[in-house]
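Each residue of the sequence shown is one higher than the last, beginning at 5 in the working numbering.
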Amino acid sequence: MTNEAFRHFAPGIPDDPGVYRFLDADGGILYVGKAKNLRNRLFSYFGEKASHTAKTKSLVRHADRIEFTMVE
């Protein structure tokens with residue numbers, strides 16, 4: 005997912021706790037994570053790239069979309 009694509013997606017991300025999924029172009033699951041604050045956690049993937057591991061960089065590069073489910 006590009007930074008530009010994320011900027012279009014970002015306004016819809018809530019500050020609530022939840023589960024998020026990174027999906028590839030075929031709909032395959034690349035990664036599933038949980039967060040106390042979905043907005044903060046997802047923004048962390050698209051922030052300062054220099055501090056990201058190779059795994060995180062690859063995940064973001066191969067992700068086509070992100071889905072999330074809010075939980076209590």
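Using N, Cα and C, we set each Cβ at its ideal position, and we do this for glycine too.
As the structure is a prediction and not an experimental result, all values here were calculated from the model.
Inset, instruction - Could you check the C-alpha separation between Arg69 and Arg45 for me, to the nearest Å? - result: 15 Å
Legend entry - Three-way DSSP call (helix, strand, coil) for Gly22 in this model: Three-state result, Gly22: strand.
Inset, instruction - Return helix, strand or coil for Gly37, following the three-state DSSP convention. - result: Look at Gly37 here: in three-state DSSP terms it is strand.
Legend entry - Residues sharing a beta bridge with Met74, DSSP: Gly22
Inset, instruction - Using DSSP bridges, identify the partner residues of Arg69. - result: For Arg69, which the question treats as bridged, DSSP gives the partners Leu27.
Legend entry - Residue-level contact to chain B via CB, Gly51, 7 Å cutoff: Note that chain B does not occur in the displayed structure, where there is just one protein chain.
Inset, instruction - Would you tell me roughly how many angstroms separate the C-alpha atoms of Asp20 and Tyr49, rounded to the nearest one? - result: 17 Å
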